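Undergrad: Letter 5 of the sequence shown, counting from 1, is numbered 118 in our numbering, and no numbers are missing. All residues carry an ideal CB built from backbone N, CA and C; glycine is no exception. Here the structure is a predicted model, which is why all the values come from computation and not from measurement.
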Amino acid sequence: MANTRSSRKRMRQERTRRQHNRGQRSRIKSAVKKVMSSEDSKTGTESLQDAYALLDRLATRHIIHRNKAARKKSQLARKVNTLK
């Protein structure tokens, strides 16, 4: 358990950040599922652009690793290219 005032504050901050980051990672999963479940190339391309923007933004903020973002973008691009 935290003993000092600063460590108690740090625990509060970590709890808030953890909740926020979990929500952000959930948004990634939803965006990826939307691309993977797309049936035609038009909706696939539109949802791919949204997923790209989200992955880049979260990789920049260090919520996910930049290599993971690149790997996901590659997987999604391959999926959309098969729809064409």
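1. Less than 8 Å between the CB atoms is what I'm expecting for residue 145 and residue 157, so what's the real figure, rounded?
2. With distances taken between CB atoms, is the gap from residue 141 to residue 161 smaller than 9 Å?
3. Where residue 154 and residue 168 are concerned, what is the direct C-alpha to C-alpha distance, given to the nearest angstrom?
4. Would you kindly check if the distance between the Cβ of residue 186 and the Cβ of residue 165 is under 9 Å?
TA: Walking through what the data contain:
1. A Cβ-Cβ separation of about 12 Å leaves residue 145 out of contact with residue 157 under the 8 Å criterion.
2. Between residue 141 and residue 161, the C-beta gap is not smaller than 9 Å, which leaves the two residues out of contact.
3. Residue 168 has its alpha-carbon roughly 20 Å from the corresponding atom of residue 154.
4. It is a contact, given that the beta carbons lie within the stated cut-off.
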